[in-house]
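J.:
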Amino acid sequence: MVKKIANWIITHRFLVIIIITIVSIFFAWEIRKLDIRSQLSDLLPQNHPYIKVHKKYEKQLGDPFKVFVMLKVKKGDIYNPQTLEKIRRITDKLDFIPGVNHDQIYSLASRKVKKVTVVGDYIITADLMEEVPKTKEAMEEFRETVRNSRGVQNVLVSADEKCALFTVAFIPERVDYNVLFHKIREIVEEETDSNHTIYAAGEPVLVGWVYSYQDEMYLIFGITCLAFLGLLYYYFRNLLGVLVHIPPIVLGVIWFLGFCGLLGYNLEPLTLVIPMLITARSLSHSVQFTERYFEYYEELKDVKKACIETTASILPPGVLGIVTCLLYTSDAADELDGVDLGGRRII
Numbered sequence: 014m015v016k017k018i019a020n021w022i023i024t025h026r027f028l029v030i031i032i033i034t035i036v037s038i039f040f041a042w043e044i045r046k047l048d049i050r051s052q053l054s055d056l057l058p059q060n061h062p063y064i065k066v067h068k069k070y071e072k073q074l075g076d077p078f079k080v081f082v083m084l085k086v087k088k089g090d091i092y093n094p095q096t097l098e099k100i101r102r103i104t105d106k107l108d109f110i111p112g113v114n115h116d117q118i119y120s121l122a123s124r125k126v127k128k129v130t131v132v133g134d135y136i137i138t139a140d141l142m143e144e145v146p147k148t149k150e151a152m153e154e155f156r157e158t159v160r161n162s163r164g165v166q167n168v169l170v171s172a173d174e175k176c177a178l179f180t181v182a183f184i185p186e187r188v189d190y191n192v193l194f195h196k197i198r199e200i201v202e203e204e205t206d207s208n209h210t211i212y213a214a215g216e217p218v219l220v221g222w223v224y225s226y227q228d229e230m231y232l233i234f235g236i237t238c239l240a241f242l243g244l245l246y247y248y249f250r251n252l253l254g255v256l257v258h259i260p261p262i263v264l265g266v267i268w269f270l271g272f273c274g275l276l277g278y279n280l281e282p283l284t285l286v287i288p289m290l291i292t293a294r295s296l297s298h299s300v301q302f303t304e305r306y307f308e309y310y311e312e313l314k315d316v317k318k319a320c321i322e323t324t325a326s327i328l329p330p331g332v333l334g335i336v337t338c339l340l341y342t343s344d345a346a347d348e349l350d351g352v353d354l355g356g357r358r359i360i
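Per the working numbering, residue 14 is the first one in the sequence shown, and the count goes up by one each step.
1. By Cβ distance below 8 Å, which residues in the same chain neighbour lysine 46 in space, the five residues on each side in sequence not counted?
2. Per DSSP, glutamine 227 is paired with what?
3. In three-state DSSP terms, what is asparagine 60?
4. By how many angstroms is the C-alpha of phenylalanine 78 removed from the C-alpha of glutamate 216?
5. Have a look at the DSSP bridge pairing and note the partners of phenylalanine 183.
6. Below 7 Å CB to CB, which residues in the same chain sit around glutamate 43 once its five sequence neighbours on both sides are set aside?
7. Report the residue from Val336, Glu304, Gly164 and Ile32 whose alpha carbon sits nearest the alpha carbon of threonine 324.
8. At 4 residues or longer, and completely inside the segment 218-277: list those alpha helix (DSSP H) runs for me, N to C.
9. Rounded to whole angstroms, how far is the Cβ of threonine 180 from the Cβ of tyrosine 119, which I believe are closer than 8 Å?
10. How many angstroms separate the CA atom of proline 94 from the CA atom of glutamate 143?
11. Quick check: the Cα distance between isoleucine 30 and isoleucine 335, rounded to an integer number of angstroms?
12. Check for me: the alpha helix (DSSP H) holding tyrosine 92 runs from which residue to which?
13. Taking the C-alpha atoms as reference points, what is the distance between histidine 115 and aspartate 173?
14. For glycine 356, name the three-state secondary structure that DSSP assigns.
15. To the nearest angstrom, how far is the alpha carbon of lysine 127 from that of isoleucine 267?
16. Can the beta-carbon of leucine 97 be found less than 8 Å from the beta-carbon of valine 145?
17. Using a Cβ-Cβ cut-off of 7 Å (strictly less than) and excluding sequence neighbours within five positions of alanine 319, which residues of its own chain qualify?
18. Is the Cβ-Cβ distance between proline 261 and serine 295 less than 8 Å?
19. If you draw a straight line from the C-alpha of arginine 163 to the C-alpha of valine 129, how long is it?
20. Just to confirm my understanding: we take glutamate 229, look at its own chain, exclude 5 residues before and 5 after, and list those with CB closer than 6 Å. What are they?
21. Buried or exposed: where does glutamate 322 fall if 16 or more other Cβ atoms within 10 Å of its Cβ makes it buried?
22. Give the C-beta separation of isoleucine 103 and leucine 84 to the nearest angstrom, bearing in mind that I take them to be a contact with Cβ-Cβ under 8 Å.
23. If we count the other Cβ atoms within 10 Å of its Cβ and call it buried at 16 or more, is tyrosine 190 buried or exposed?
24. Go ahead and label isoleucine 197 buried or exposed: buried means 16 or more other beta carbons lie within 10 angstroms of its beta carbon, across all protein chains shown.
25. Any idea what DSSP makes of threonine 303, helix, strand or coil?
26. Classify histidine 61 as buried or exposed, calling it buried when 16 or more other Cβ atoms lie within 10 Å of its own Cβ.
27. Would you tell me roughly how many angstroms separate the C-alpha atoms of valine 66 and leucine 328, rounded to the nearest one?
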C-alpha cells in the first residue's frame, strides 16, 4: 500500500508540486493576518481567580497599561527649585508622548493632583504645584502641603522625600511600542544628571526592551541559517546537498506562520524561536530524505526508482509523527478547554 502511494506521488510529481504550490500561496496570503506583537497579559494564567477579578474590574479601576517613572535625588531631598522644575518638565514630556491618556497622568506637577483648602463656607481646589516655589518660605509651605495631602505623601513622594513618582497610563490601541519606548528613554537620558537618577518600569517599557533587541534576534537567526548551510555543505560535500534543502525549509516556515494566521493566533516575539525550531525540524527531515535517496540511488542506479523507494521508506514514520503531534495537540487543547485568552490564542 505504501509502495503504491509512493509510486503515485513520484509518477504524478508535477501535480503534487502544483498542489503544494497552491497550498503554499494560500498560507503565504494568510500570514498577513498574523499578529506579531508582545501582549504580556496573554501570558497570565487566565483561569486563575486573581486574573478573573482583575479582568472583571479593570475598566473601573484603570488599565494596567502604565509606565512608572521615578526620579531619585542623590543629595538632599526633592524640595529644591531644580528638582521641582525637573518634575514639571518630565510631566510635560510624558503628556506629549503619542497614545498617552491625558487624564491618567499623576505626579506632583500633574493637573490631576489637587490641594484642597477650606475657607469659611467654601472649599477651594487648585493644582498641587501651580508653580515652582522660588523662596525658602514658599518651599516650606509646599513641603507641608504635600505632607498633609492624602494620596501624595508616601505615594507620589517617598517617605524619605528623596524620590518622586510619575504614573502614566496609555491607550493600547494608539500606542506604538517602539515610539513609546524611545520617548521614555529620551526622557531618562535627558533628565539624568549628577544629582538626579531616573528609572522607568511598566509593561510598555518591558515590551519596548523586547522590541529593541529585534536587530540582534535577526542577526542570531541569520548566523544560525548560515551555520545550517555550512554544516550541510560539510556533510554532503556538494552544492546540491545544500540547495535541495532550502525549499522544504521555506515551505515549513510559510505553512507554520500561515496556519497561525488562519487560526487567529498571536505570535509572541519572545517565542520567535519556534519558527527557528520548525526550520530545524524541516531541515532534519529533508536531510534524512536526501541521505536515504543517495543510498537507494547508489544501489539501484535509477533516479525514479530511488525516489519511489525513498518515499516509501520515509512516508510511514513521517505520517506517524504528524498523527502523534495532532493527538498531543488535541490533549493539550482539552486541558486548556474553558481558559479565556481574551479572544486570542498565543504561540
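Note that CB positions come from ideal geometry on N, CA and C, so glycine has one too. Note that this is a predicted model, so its numbers are computed, not measured.
T.: Judging by the given coordinates:
1. By one-based count along the sequence shown, residue 46 stands at place 33. Excluding sequence neighbours, lysine 46 sits near Gly274, Leu275 and Gly277.
2. Residue mapping note: residue 227 aligns to position 214 of the sequence shown, counting from 1. In the DSSP output, where bridge partners are listed per residue, glutamine 227 has none listed.
3. The residue you call residue 60 lines up with position 47 of the sequence shown. DSSP places asparagine 60 in the coil class of the three-state scheme, outside both helix and strand.
4. On the sequence shown, position 203 is the one that residue 216 refers to. On the sequence shown, position 65 is the one that residue 78 refers to. Going by the C-alpha atoms only, they are around 6 Å apart.
5. By 1-based counting over the sequence shown, the position of residue 183 is 170. Note: phenylalanine 183 sits in a beta bridge opposite Val113.
6. Residue numbering aside, residue 43 sits at position 30 when the sequence shown is read from its first letter. Around glutamate 43: Gly271, Gly274 and Leu275.
7. Here residue 324 corresponds to residue number 311 of the sequence shown, with the count starting at 1. Of the candidates Val336, Glu304, Gly164 and Ile32, the one whose C-alpha sits nearest the C-alpha of threonine 324 is Glu304.
8. 227-249, 253-256 and 259-276
9. What you label residue 180 is simply residue 167 of the sequence shown in a count that begins at 1. What you label residue 119 is simply residue 106 of the sequence shown in a count that begins at 1. The Cβ separation is near 5 Å, so the contact holds.
10. Within the sequence shown, the letter at position 81 stands for residue 94. Within the sequence shown, the letter at position 130 stands for residue 143. Roughly 13 Å between the two C-alpha positions.
11. The sequence position of residue 30 within the sequence shown is 17, counting from 1. The sequence position of residue 335 within the sequence shown is 322, counting from 1. Rounded to the nearest angstrom, the two C-alpha atoms are 20 Å apart.
12. Taking the sequence shown and counting its residues from 1, one reaches residue 92 at position 79. Unbroken run through tyrosine 92: none, as it is neither H nor E.
13. Sequence index remark: in the sequence shown, residue 115 carries index 102 (1-based). Sequence index remark: in the sequence shown, residue 173 carries index 160 (1-based). Answer to the nearest angstrom: the Cα atoms are 29 Å apart.
14. Along the sequence shown, one-based indexing puts residue 356 at 343. Its pLDDT being 44, under 50, glycine 356 is placed unreliably by the model, and nothing is read from it.
15. As a working note, residue 127 is residue 114 in the sequence shown. As a working note, residue 267 is residue 254 in the sequence shown. Looking at the two C-alpha atoms, the distance is approximately 56 Å.
16. Within the sequence shown, residue 97 is the residue found at index 84, counting from 1. Within the sequence shown, residue 145 is the residue found at index 132, counting from 1. Contact annotation: leucine 97 and valine 145 have beta-carbon atoms nearer than 8 Å.
17. Your numbering for residue 319 matches position 306 in the sequence shown. Cβ neighbours of alanine 319 beyond the five flanking positions: Tyr306, Tyr309, Tyr310 and Leu313.
18. Your numbering for residue 261 matches position 248 in the sequence shown. Your numbering for residue 295 matches position 282 in the sequence shown. Contact: yes.
19. Here residue 163 is taken as the residue at index 150 of the sequence shown, counted from 1. Here residue 129 is taken as the residue at index 116 of the sequence shown, counted from 1. Each residue's Cα considered, the two are about 10 Å apart.
20. The residue you call residue 229 lines up with position 216 of the sequence shown. For glutamate 229, where only same-chain residues beyond five positions count, there are no Cβ hits under 6 Å.
21. Taking the first residue of the sequence shown as 1, we reach residue 322 at position 309. Buried is the call here.
22. Here residue 103 refers to the residue found at position 90 of the sequence shown. Here residue 84 refers to the residue found at position 71 of the sequence shown. That belief holds up - the Cβ atoms of isoleucine 103 and leucine 84 are roughly 7 Å apart, short of 8 Å.
23. Counting from 1 along the sequence shown, the entry for residue 190 is found at position 177. Classification for tyrosine 190: buried.
24. Start at 1 with the first residue of the sequence shown, and residue 197 comes out as number 184. So isoleucine 197 ends up on the buried side.
25. As a first step, residue 303 is located in the sequence shown; it is residue number 290 there, counting from the start. Helix at threonine 303.
26. Counting from 1 along the sequence shown, the entry for residue 61 is found at position 48. The residue in question, histidine 61, is exposed, as its Cβ has fewer than 16 Cβ neighbours within 10 Å.
27. Taking the sequence shown and counting its residues from 1, one reaches residue 66 at position 53. Taking the sequence shown and counting its residues from 1, one reaches residue 328 at position 315. C-alpha separation (whole angstroms): 50 Å.
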